[in-house]
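Data first, discussion second: the structure below is written as structure tokens.
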Amino acid sequence: MLNKTSGALHLGEDIEIGPHIDFTATTALHLGNKPEVIGFVDAENQQVHFRNVRVGHSFFTFRMRFSYNRLLVLELLVSPLPIPITGDWENWNFETEMKHLEQCNAWLQEQVGNEREFDWGCIWSGYDSLGGYSSIKIKYY
0 MLNKTSGALH LGEDIEIGPH IDFTATTALH LGNKPEVIGF VDAENQQVHF RNVRVGHSFF
60 TFRMRFSYNR LLVLELLVSP LPIPITGDWE NWNFETEMKH LEQCNAWLQE QVGNEREFDW
120 GCIWSGYDSL GGYSSIKIKY Y
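Residue numbering for the sequence shown is 0 to 140, as defined by numbering that gives the first Met the number 0.
Structure (structure tokens):
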């Protein structure tokens, strides 16, 4: 699914997200729930968020950050079940979030092994203590 050579994330049906995709093409994609689009063409700060995109046996949230139509960061949240869209923190707990971090790390290990630096960018997986969630971030050079 993640091409180590190009940095592109292959989602099937000829859909790839990676350093080659621009803001306009991304906003036209039909993935998961209705996308959230922040910004406009040729702006310095642009974002597109797709929630609950099913790929294989997992569900993903993609948070994509662009600048002047160029993809800078692709953040992935991965889950075996659909990810709730509500802002409800009532069921959140640290132990469950650490299990989610393990799922992120396992997915990343399966995709690229131990390598985290590439010619096209770098990958990080971890827990954001301010946001209260775990994710994988792909930064494109």
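Note that CB positions come from ideal geometry on N, CA and C, so glycine has one too. Every value quoted in this text rests on a predicted model; they were computed, and no experiment measured them.
Closest by C-alpha distance to residue i, when choosing among the options
i	options	result
residue 80	101, 70, 87 and 58	58
residue 133	114, 123 and 99	99
residue 32	49, 103, 13 and 96	49
residue 139	14, 36, 65 and 10	65
residue 93	10, 12, 37 and 127	127
residue 67	55, 23, 0 and 10	23
residue 75	4, 125, 112 and 129	125
Cβ-Cβ separation, residue j to residue i (assumed contact under 8 Å), whole Å
i	j	result
residue 7	residue 19	7 Å
residue 47	residue 25	5 Å
residue 77	residue 103	6 Å
C-alpha gap between residue i and residue j, whole angstroms
i	j	result
residue 118	residue 2	12 Å
residue 69	residue 131	28 Å
residue 84	residue 120	29 Å
residue 61	residue 123	15 Å
residue 35	residue 114	31 Å
residue 12	residue 107	22 Å
residue 91	residue 21	34 Å
Span of the beta strand (DSSP E) around residue i
i	result
residue 60	57-66
residue 51	45-54
Run of the alpha helix (DSSP H) containing residue i, from where it starts to where it stops
i	result
residue 106	93-111
residue 23	22-26
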